[in-house]
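Participant:
2 protein chains.
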Amino acid sequence: MAAGDVKLLGYFSSPFVLRVRIALNIKSINHEYVEENVMSKSELLLKSNPIHQKLPVLIHGERPICESLIIVEYIDETWTSAPSILPSHPYDRAIARFWAAYTDVKLFAVLQELRTARGEEAMGNIAKKMSEGLFPLEDAYVKCSKGKTFFGGESIGYLDIALGGILAWLKVIEIMANMKILDETKVPNLVKWADKFRQDPSVKGVIPAAEKLIEFFSMFTANEQAAKN
Amino acid sequence: MAAGDVKLLGYFSSPFVLRVRIALNIKSINHEYVEENVMSKSELLLKSNPIHQKLPVLIHGERPICESLIIVEYIDETWTSAPSILPSHPYDRAIARFWAAYTDVKLFAVLQELRTARGEEAMGNIAKKMSEGLFPLEDAYVKCSKGKTFFGGESIGYLDIALGGILAWLKVIEIMANMKILDETKVPNLVKWADKFRQDPSVKGVIPAAEKLIEFFSMFTANEQAAKN
Numbered sequence: 001m002a003a004g005d006v007k008l009l010g011y012f013s014s015p016f017v018l019r020v021r022i023a024l025n026i027k028s029i030n031h032e033y034v035e036e037n038v039m040s041k042s043e044l045l046l047k048s049n050p051i052h053q054k055l056p057v058l059i060h061g062e063r064p065i066c067e068s069l070i071i072v073e074y075i076d077e078t079w080t081s082a083p084s085i086l087p088s089h090p091y092d093r094a095i096a097r098f099w100a101a102y103t104d105v106k107l108f109a110v111l112q113e114l115r116t117a118r119g120e121e122a123m124g125n126i127a128k129k130m131s132e133g134l135f136p137l138e139d140a141y142v143k144c145s146k147g148k149t150f151f152g153g154e155s156i157g158y159l160d161i162a163l164g165g166i167l168a169w170l171k172v173i174e175i176m177a178n179m180k181i182l183d184e185t186k187v188p189n190l191v192k193w194a195d196k197f198r199q200d201p202s203v204k205g206v207i208p209a210a211e212k213l214i215e216f217f218s219m220f221t222a223n224e225q226a227a228k229n
Numbered sequence: 001m002a003a004g005d006v007k008l009l010g011y012f013s014s015p016f017v018l019r020v021r022i023a024l025n026i027k028s029i030n031h032e033y034v035e036e037n038v039m040s041k042s043e044l045l046l047k048s049n050p051i052h053q054k055l056p057v058l059i060h061g062e063r064p065i066c067e068s069l070i071i072v073e074y075i076d077e078t079w080t081s082a083p084s085i086l087p088s089h090p091y092d093r094a095i096a097r098f099w100a101a102y103t104d105v106k107l108f109a110v111l112q113e114l115r116t117a118r119g120e121e122a123m124g125n126i127a128k129k130m131s132e133g134l135f136p137l138e139d140a141y142v143k144c145s146k147g148k149t150f151f152g153g154e155s156i157g158y159l160d161i162a163l164g165g166i167l168a169w170l171k172v173i174e175i176m177a178n179m180k181i182l183d184e185t186k187v188p189n190l191v192k193w194a195d196k197f198r199q200d201p202s203v204k205g206v207i208p209a210a211e212k213l214i215e216f217f218s219m220f221t222a223n224e225q226a227a228k229n
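Chains A and B, in that order, give the protein sequences.
Note that UniProt numbering has the first sequence beginning at 1, numbered continuously upward.
Note that UniProt numbering has the second sequence beginning at 1, numbered continuously upward.
Here you go:
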């Protein structure tokens with residue numbers, strides 16, 4: 001398939017976009033990655049996702065698909081050759097979807113608080129909430145992985161992607177709050193999982209460095225401050 | 001399969017529970033329906049959905065599955081004989097999932113406002129927001145149904161179930177706000193769709209009457225008032 005047939009509209013700092021990049025890598029799908037300007041959204045983005053006007057958008061042929069986890073399922077169902085992203089058994093799929101939804105509702109809600117949090121105390125609160133939000137996932141990892149490396153078995157799957165998308169931002173919060181979130185004394189299995197995840201060939205080249213995200217965050221808050229003055 | 005193998009924990013007023021009841025009916029799955037007491041949650045519910053402690057929960061064998069749309073997918077993937085609930089093509093599935101997520105995020109958020117809304121003006125605002133929330137779904141219906149009766153074709157599918165779960169509560173808001181939401185001049189296709197949906201054998205016996213929901217809502221607000229006094 002020519003790269004032009006599959007286009008991903010994305011932005012480097014988005015954990016949602018990262019999910020899709022990882023899924024495309026897992027399936028070795030030749031594609032064009034288009035970095036959007038989030039301050040001035042392209043006509044293509046507005047036309048492709050008129051309802052939410054958000055990234056990521058995958059455009060396959062002429063058809064846009066929106067919402068990161070929906071795109072990941074679409075990729076798995078469209079490029080059906082191995083490796084599979086979703087587990088094969090309906091019950092395992094339901095469990096993976098449950099925890100992916102948990103990640104979206106609980107952890108991303110905490111991440112959203114970064115937009116307004118200023119100062120070390122506010123960052124500390126976010127780090128604490130994020131840490132607590134990981135506890136149930138530590139248990140879920142033990143049950144889902146069944147002794148294997150990833151939630152999905154010996155290779156990265158749906159729930160790994162859903163949760164892994166957030167890892168770079170976890171690091172940012174850890175640095176800014178000066179507090180461990182992926183703490184070996186609290187979530188030892190997730191610490192090991194996160195190390196393996198980051199080293200995976202599908203993840204390595206696309207996960208943003210924490211320093212780059214901190215720089216982006218500083219610019220974002222500085223712009224916001226300038227707009228207020 | 002014996003009914004005891006499939007158990008649904010539910011509550012009559014829940015649009016989320018209704019989704020699962022319709023899916024079980026579509027697939028003609030013999031099951032036990034257990035009406036929960038939402039004021040005093042059962043041990044079985046707390047054990048089966050420890051994270052959210054919410055309904056519905058489907059228990060298949062000994063295994064609980066939570067979250068209405070995840071359960072609907074599980075049912076479709078486990079009982080694979082016709083009729084199918086999800087569309088067969090990955091793109092159509094992605095689109096159905098997109099609008100189902102839209103329903104959850106946009107329309108259910110409006111429905112949540114009922115908990116605190118008191119008086120005709122507040123109800124009017126809810127009715128107006130709900131009405132506006134339906135406009136994009138009117139367009140989506142035209143595109144998805146391709147001239148057929150339901151979003152999913154000639155029989156009720158995933159998006160029909162996702163949106164249809166809310167219909168009884170739309171009626172409640174219409175009555176309390178004294179304002180049409182399913183208005184033929186604004187969403188003519190959805191008006192026709194809703195009529196067909198309500199008449200479907202899988203829906204008829206399980207969709208609650210608006211009067212019963214209004215009675216429930218009055219009791220809920222009266223209890224709340226009593227608790228404040």
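Glycine included, each C-beta is placed from N, C-alpha and C at the ideal position.
Note that the structure is predicted; figures quoted are calculated from it, not measured.
1) Taking I70 (chain B) as the query, report the chain A residues whose CB atoms sit under 8 Å from its CB, ordered along the chain.
2) I need the straight-line Cα distance from E184 (chain B) to L167 (chain B), nearest angstrom please.
3) Check whether the segment 156-170 of chain B touches the segment 205-214 of chain B, taking contact to mean three or more Cβ pairs, one atom from each stretch, closer than 8 Å.
4) Buried or exposed: H31 (chain B), going by 16 or more other Cβ atoms within 10 Å of its Cβ?
5) Can you tell me where the alpha helix (DSSP H) with L170 (chain A) in it begins and where it stops?
6) So which residues of chain A does T78 (chain B) contact, with C-beta pairs closer than 7 Å?
7) Using a Cβ cut-off of 8 Å (strictly closer), state whether Y11 (chain B) contacts chain A.
8) Quick check on the DSSP output: the beta strand (DSSP E) that includes P64 (chain A) runs from which residue to which?
9) Tell me whether R63 (chain B) is buried or exposed, calling it buried when 16 or more other Cβ atoms sit within 10 Å of its Cβ.
10) Strictly below 9 Å CB to CB, what residues from chain A border I181 (chain B)?
11) Looking at the ligand COA, does it come within less than 7 Å of P90 (chain B), judged from the CB to the closest heavy atom?
12) Return the chain-ordered list of same chain residues with a C-beta closer than 8 Å to the C-beta of G10 (chain B), the five sequence neighbours on each side being excluded.
13) Residue range of the beta strand (DSSP E) that residue 248 (chain B) falls in?
14) For L111 (chain B), which three-state DSSP category applies?
15) For E138 (chain A), which of A:I181, A:E174, A:E121 and A:A177 has the nearest alpha-carbon?
16) Chain A beta carbons: is any one of them nearer than 8 Å to that of P136 (chain B)?
17) Would residue 230 (chain B) and V6 (chain B) qualify as a contact pair, given that the criterion is a beta-carbon distance under 8 Å?
18) Classify A33 (chain A) as helix, strand or coil using the three-state DSSP reduction.
19) In terms of DSSP beta bridges, what is F150 (chain A) paired with?
20) So what does G10 (chain B) bridge to, in DSSP terms?
21) How about the segment 118-131 of chain A and the segment 70-87 of chain A: do they share at least three Cβ pairs that are nearer than 8 Å?
22) Does any CB atom of chain B fall closer than 8 Å to the CB of I29 (chain A)?
23) Could you give the distance in angstroms between the alpha-carbon of N25 (chain A) and the alpha-carbon of K148 (chain A)?
24) Within 8 Å (strictly less), CB to CB, does I126 (chain A) reach chain B?
25) Would V187 (chain A) pass as a contact of F135 (chain A) if the rule is Cβ separation under 8 Å?
26) I want to verify the contact list: residues of chain A whose CB lies under 8 Å from the CB of I26 (chain B), in sequence order.
27) Starting from the Cα of V110 (chain B), find the closest Cα among B:K27, B:R97 and B:G124 and give me that residue.
28) Is the Cβ of C144 (chain B) closer than 8 Å to any Cβ of chain A?
29) Excluding five sequence neighbours on each side, which residues of the same chain lie with their C-beta closer than 6 Å to the C-beta of M176 (chain B)?
30) Helix, strand or coil, according to DSSP, for G205 (chain B) in the structure here?
31) Can you pull the chain B residues whose beta carbon is under 8 Å from the beta carbon of R63 (chain A), in chain order?
32) Please tell me whether E35 (chain B) has its Cβ less than 8 Å away from any Cβ of chain D.
33) Using a cut-off of 8 Å between C-beta atoms, extract the partners of Y158 (chain A) located in chain B.
34) Smallest Cα separation from S202 (chain B): which of B:D160, B:L8 and B:R93?
35) With burial defined as no fewer than 16 other Cβ atoms inside 10 Å of the residue's Cβ, what is the status of A162 (chain B): buried or exposed?
36) Do M130 (chain B) and L107 (chain B) have their CB atoms nearer than 8 Å?
Facilitator: Answer, in terms of the structure:
1) Here the question's residue 70 (chain B) lines up with position 70 in the second sequence. Neighbourhood of I70 (chain B) in chain A, by CB distance below 8 Å: A94, R97, F98 and A101, in chain order.
2) Taking the first residue of the second sequence as position 1, residue 184 (chain B) is located at position 184. Taking the first residue of the second sequence as position 1, residue 167 (chain B) is located at position 167. Computed Cα separation, rounded: 15 Å.
3) Using a C-beta cut-off of 8 Å, the segment 156-170 of chain B makes contact with the segment 205-214 of chain B, since at least three inter-stretch Cβ pairs fall below that distance.
4) The residue given as residue 31 (chain B) occupies position 31 in the second sequence. That one is buried.
5) Mapped onto the first sequence, residue 170 (chain A) falls at position 170. Membership of L170 (chain A) in the alpha helix (DSSP H) is indicated by the continuous run L167 to A177.
6) Position 78 of the second sequence holds residue 78 (chain B). Chain A residues near T78 (chain B): P90.
7) Reading the second sequence from its first residue, position 11 is the one you call residue 11 (chain B). Chain A, which has no Cβ nearer than 8 Å to the Cβ of Y11 (chain B), makes this no.
8) Counting from 1 along the first sequence, the entry for residue 64 (chain A) is found at position 64. Note, P64 (chain A): beta strand (DSSP E), R63 to C66.
9) What you label residue 63 (chain B) is simply residue 63 of the second sequence in a count that begins at 1. With fewer than 16 neighbouring CB atoms inside 10 Å of its own CB, R63 (chain B) falls in the exposed class.
10) Residue 181 (chain B) sits at position 181 when you count from the first residue of the second sequence. Annotation: I181 (chain B) has no Cβ neighbours in chain A at a cutoff of 9 Å; minimum Cβ distance is about 19 Å.
11) Ligands in the displayed structure: none, and consequently the ligand COA is not present.
12) On the second sequence, residue 10 (chain B) is found 10 positions in, with the first residue counted as 1. Closer than 8 Å at the Cβ level, and outside the excluded window around G10 (chain B), lie V17, V20, R21, Y33, V34, E35, E36, L55 and P56.
13) In this structure chain B extends from 1 to 229, so residue 248 (chain B) is not present and cannot be described.
14) For the purposes of this step, residue 111 (chain B) is identified with residue 111 of the second sequence, where counting begins at 1. Reduced to three states, the DSSP call for L111 (chain B) is helix.
15) Locating residue 138 (chain A) in the first sequence gives position 138, where the first residue counts as 1. Comparing Cα positions, the closest option is A:I181.
16) Walking along the second sequence from the start, residue 136 (chain B) turns up at place 136. Chain A, which has a Cβ nearer than 8 Å to the Cβ of P136 (chain B), makes this yes.
17) Because chain B is modelled from 1 through 229, residue 230 (chain B) falls outside the range shown and cannot be assessed.
18) For the purposes of this step, residue 33 (chain A) is identified with residue 33 of the first sequence, where counting begins at 1. Checking the sequence, you will find Tyr at residue 33 (chain A) rather than Ala. Looking at Y33 (chain A) - three-state DSSP - the assignment turns out to be strand.
19) Here residue 150 (chain A) refers to the residue found at position 150 when the first sequence is read from its first residue. Paired residue(s): A:G153.
20) Within the second sequence, numbered from 1, the residue matching residue 10 (chain B) stands at position 10. Beta-bridge pairing links G10 (chain B) to B:E35.
21) Segments in contact, no.
22) As a working note, residue 29 (chain A) is residue 29 in the first sequence. Judged by the 8 Å Cβ criterion, I29 (chain A) is not in contact with chain B.
23) Along the first sequence, read from residue 1 onward, the residue named residue 25 (chain A) stands at position 25. Along the first sequence, read from residue 1 onward, the residue named residue 148 (chain A) stands at position 148. Each residue's Cα considered, the two are about 21 Å apart.
24) Along the first sequence, one-based indexing puts residue 126 (chain A) at 126. No, no contact with chain B.
25) Here residue 187 (chain A) refers to the residue found at position 187 of the first sequence. Here residue 135 (chain A) refers to the residue found at position 135 of the first sequence. It is a contact, given that the beta carbons lie within the stated cut-off.
26) Here residue 26 (chain B) corresponds to residue number 26 of the second sequence, with the count starting at 1. Simply none; closest approach about 16 Å.
27) Taking the first residue of the second sequence as 1, we reach residue 110 (chain B) at position 110. Of all alpha-carbon atoms in B:K27, B:R97 and B:G124, the one lying nearest the alpha-carbon of V110 (chain B) is that of B:G124.
28) The sequence position of residue 144 (chain B) within the second sequence is 144, counting from 1. Judged by the 8 Å Cβ criterion, C144 (chain B) is not in contact with chain A.
29) Numbered from 1 along the second sequence, position 176 holds the residue referred to as residue 176 (chain B). Closer than 6 Å at the Cβ level, and outside the excluded window around M176 (chain B), lie M123.
30) Residue 205 (chain B) sits at position 205 when you count from the first residue of the second sequence. Here DSSP, grouped into helix, strand and coil, assigns G205 (chain B) to coil.
31) The residue labelled residue 63 (chain A) in the question sits at position 63 within the first sequence. Y91, listed in chain order.
32) Of the chains in the structure shown, none is chain D; the protein chains are A and B.
33) To locate residue 158 (chain A), count along the first sequence from 1; it is residue 158. Per Cβ cutoff of 8 Å: no residues; Y158 (chain A) is ~12 Å from chain B at best.
34) If you number the second sequence from 1, residue 202 (chain B) lands on position 202. Checking every option, the nearest Cα to that of S202 (chain B) belongs to B:D160.
35) In the second sequence, counting from the first residue as 1, residue 162 (chain B) sits at position 162. With 16 or more other Cβ atoms within 10 Å, it is buried.
36) One-based indexing of the second sequence puts residue 130 (chain B) at position 130. One-based indexing of the second sequence puts residue 107 (chain B) at position 107. Contact flag set, yes.
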